[in-house]
Amino acid sequence: MTILGIDLGTTNSAMAYVKNGQPEMIVNSRGERTTPSVFQKNINGELVVGSVAKNQYSSLPEQTVLEIKRKMGTDEKITVGETSFTPEQISAHFLKYLKQAAEDFLGEKITEAVITVPAYFSDAQRKATKIAGEIAGLKVERILNEPTAAAIAYGLDHPDSEKNIIVYDLGGGTFDISVVRLDKNLIEVKASAGDNHLGGMDLDRLLVDWVAEQFAEQYDVPLFSFGEASEITQRHARVKLEAENVKKSLSSELSATFNLPFLAVYEGKPISLDYTITRAEFEDIVRPLLEETLVHVDKAIHDAKLAPDAIDDIILIGGATRIPLVQQLVEAKFERMAKKDINPDEAVALGAAIQGAMKEDSLSEESSLMVIDVCPYTLGTDVLRIVDGKRQSGYFDILIRRNEPLPVTAKKIYNTVNDNQTTIDIGVYQGDDEDARVNDDLRITETPLIVDEIPENAAGKEKVEIMFRYDVNGLIQIEATVLSTGRTISQVLDAQRGIMSARQVKEAKLELFDDWEKSKLASEMKGVIRRAKKVRRNAEPQQAVQIEEAIQQLEYAIQETDVELVKTREEALLDLLMEIIE
Ligand code: AMP
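Numbering (the working numbering), first residue to last: 311 to 892.
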């Protein structure tokens, strides 16, 4: 049984598996090694994923979802046409497509996967990713950090190496940096840092702003301010896609042109855009953003207790590392060339497949690997302290320091602070500030995490042991025990805001299955409906009404996902058409 390795990217995704002990990429039904992470649901209920959906984005922007990874772990709803989805549901549709593509490629059912996420993804973002997998019908064997996955692929390719490497991962929506020690078969992440909101799409946005500025200068009107709302959305979609193309061209060319014929109609006149930007101009625009990545690099190197000259190899992954300025900045920092023998689009999926094979024990003896990852965040709770004789709450008390090897468990004992205090509300924060409220509150739950039934006693007499556990998937578990009674409260942080409940996941799984069945029926019936509409156009009025009715009946059966009824009504429609044509 194959465990699929999935690199679930912001803009592109990829899949791999292990064959005869070696990882190999899986191509989708269009023969592509990567699939754009784009989902579309058209008005017929047909679901479209990947390049086809991306190509139709500028004509169907309201039916299309891009960059869903940025919204994972939030409670934002995404509207596609008439339907509202959670980020997990959109991601699940996408995973379902990948699962199907892998099954077609391998000729076997796939039920398990290793899915990668940015090292800097939070607990809620990881949980949302795992849930998306479950909705798509995949048991998520492991949530693996993307740079770690790339280091695994690199490690397998370079056995017997003893070196320190950095994995600099600039993808479509996120940036990660990991410092990794390769020691023969041991792959040990020393430190990770990053930014979940910095990637190629942010560079595209800067280019869209640049185009808007050129336009405003030329026409004295903001580019996205005139026309119907739907026209503006379409216009924006076209400029955005073109910005990505221009950005990519500038990786190999010294200048590139925004060529957007008939982009808009202004004061009755059609407007086409034709603006050329040089690589130097592009670099001026994006440099501040790219320089931000170096701050994270410094942090990771510092945390790993290494000097820049102790780094032996630089591994660049993520499509945006093809930008020459990115390479220059990183190479200048380490005063050495980056390795070019790793495919930036494929390393993560290959590493995920190897991780899956490790569970299955399907790697050969000599290529067996051991991987140690780290917790990228500092985690703790909030406590009350006496400062200058006054009680002050909200102090951040650390339980797990960032870059501790995984899995990590930390325990601390806290006292009650009031006489007869019977409850303690446990805060869970992530960050490095001593003021807990400045850090990220991970426990934004509808039901707070409360230890209750503490026996009434004098202040400070009752003690509660709090345990934080950060597992290999990057998921946090909290446990609290009242020492005098042994009462224990345990919680995986699963009641977080925006995270779907078990019941919602079950429902979403059924809905998703139904949506895909409907989509299959709709696309199977597309040809016959098109033919019927053609015949209707030239038919006598009475026959036209009959055809229209038969089409509607068929469409209703598709909506109901009733396969038998669809077949019957398809036959009825075909019979009618035959009669009319004869
Ligand atoms: P990934 O998620 O790793 O596939 O990275 C995708 C990001 O890399 C997107 O923002 C792409 O636009 C960007 N990208 C892909 N190829 C290039 C290229 N040749 N030059 C610049 N950016 C690229």
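Built from N, CA and C at the ideal position, the CB exists for glycine as well. Given the structure is predicted, the values throughout are model-derived calculations rather than measurements.
Task: A315, DSSP secondary structure in three states - done: According to the sequence displayed, residue 315 carries Gly and not Ala. Strand.
Task: Whole-number beta carbon distance between L513 and V521, since they are thought to touch under 8 angstroms - done: Rounded, the Cβ-Cβ distance is 13 angstroms, inconsistent with contact.
- [ ] Provide the residue(s) that pair with D751 in DSSP beta bridges, ordered along the chain.
- [x] Y739
Open item on the list: Looking at the strands, I want to know which residues DSSP matches up with Y705.
Closed with: V693 and D745
Open item on the list: Is I652 close to ligand 1? I mean its beta-carbon at under 7 angstroms from any heavy atom of the ligand.
Closed with: no
Task: CA nearest to the CA of I788, picked from E775, V782, G796 and S794 - done: E775
Task: Where I868 falls: helix, strand or coil (DSSP) - done: I868 falls in the helix class under three-state DSSP.
Open item on the list: I believe G391 touches Q665 by the beta-carbon criterion, under 8 angstroms. Please report the beta-carbon distance rounded to the nearest angstrom.
Closed with: Not really, about 37 angstroms apart at Cβ, beyond 8 angstroms.
TODO: Let me know if E847 comes out buried or exposed under the rule of 16 or more other beta-carbons within 10 Å of its beta-carbon.
DONE: Note that residue 847 is Arg in the sequence shown here, rather than Glu. Counting Cβ neighbours within 10 Å, R847 comes out exposed, since fewer than 16 surround it.
TODO: Quick one: using the 10 Å Cβ neighbour count with 16 as the cut-off for buried, is E398 buried or exposed?
DONE: The residue is buried, with at least 16 neighbouring Cβ atoms inside 10 Å.
Open item on the list: Rounded to the nearest angstrom, what separates V337 and V328 at their Cα positions?
Closed with: 14 angstroms
Open item on the list: Across the stretch 337-356 and the stretch 455-462, are there enough close Cβ pairs to call them in contact, namely three or more that are closer than 8 angstroms?
Closed with: no
Open item on the list: Just to confirm the assignment, what range does the beta strand (DSSP E) spanning D470 have?
Closed with: Looking at the DSSP string, D470 is not in any beta strand (DSSP E), and its letter there is neither H nor E.
TODO: Please list, following the chain, all residues that have a C-beta closer than 5 angstroms to any non-hydrogen atom of ligand 1.
DONE: G319, T321, N322, G481, G482, G510, E554, K558, S561, G628, G629, A630, R632 and I633
Task: Alpha-carbon to alpha-carbon, G319 and M325 - done: 11 angstroms
Open item on the list: Here's the rule: buried if 16 or more other CB atoms are within 10 angstroms of the residue's CB, otherwise exposed. What is A812?
Closed with: exposed
Open item on the list: Just to check my reading of the structure: N365 and T344 have Cβ atoms closer than 8 angstroms, yes? What is that Cβ distance to the nearest angstrom?
Closed with: Not confirmed; about 15 angstroms, so no contact.
TODO: Could you round the C-beta distance between D781 and P717 to whole angstroms and report it? I think they count as a contact, below 8 angstroms.
DONE: Yes, D781 and P717 are in contact; Cβ-Cβ is about 5 angstroms, under 8 angstroms.
- [ ] Counting only the same chain and skipping the five closest in sequence on each side, list residues whose C-beta sits under 7 angstroms from that of K440.
- [x] V450 and I453
TODO: Going by DSSP, name the residue or residues bridged to M511.
DONE: Partner(s): none; M511 has no beta bridge.
Open item on the list: Please state the DSSP three-state secondary structure of L448.
Closed with: L448 falls in the coil class under three-state DSSP.
Open item on the list: Considering just the uninterrupted stretch of the alpha helix (DSSP H) at T543, what are its terminal residues?
Closed with: A539 to S559
Task: Closest residue to F485 among K773, V531, E472 and A429 (Cα-Cα distance) - done: A429
Open item on the list: Closer than 7 angstroms to a non-hydrogen atom of ligand 3 - does that hold for the CB of L551?
Closed with: For the structure depicted, ligand 3 is absent and the ligand set comprises only ligand 1.
Open item on the list: Nearest by alpha-carbon distance to F568: which of Q862, L583, T726 and L560 is it?
Closed with: L583
Open item on the list: Beta-carbon within less than 7 angstroms of V518's beta-carbon, same chain only, minus the 5 sequence neighbours each way: which residues are those?
Closed with: V549, K550 and A553
Open item on the list: Based on DSSP bridge pairs, tell me the residues matched to P912.
Closed with: Limits of the chain in this structure are 311 at one end and 892 at the other, which puts residue 912 out of reach.
Open item on the list: Looking only at its chain, what residues have a beta carbon closer than 8 angstroms to the beta carbon of A574, apart from the 5 residues adjacent to it on each side?
Closed with: In its chain, beyond the 5 residues on either side, L533, F536, G537, E541, R545, P580 and I581 have a beta carbon closer than 8 angstroms to the beta carbon of A574.
TODO: Report the partner residues of K329 according to the DSSP bridge assignment.
DONE: Answer is Q332, bridged to K329.
Open item on the list: Quick check: what's the CA-CA separation for G510 versus D479?
Closed with: 11 angstroms
- [ ] Have a look at K816, R597 and I633 and flag the residue whose alpha-carbon is nearest the alpha-carbon of V556.
- [x] I633
- [ ] Please confirm whether S488 and A461 have their CB atoms less than 8 angstroms apart.
- [x] yes
Open item on the list: So if DSSP puts E422 in a beta bridge, which residue, or which two residues, is it bridged to?
Closed with: I313 and K449
TODO: Could you have a look at R779 and say whether DSSP puts it in helix, strand or coil?
DONE: strand
Open item on the list: Please identify the residue among D729, E817 and L689 whose C-alpha is closest to the C-alpha of D751.
Closed with: L689
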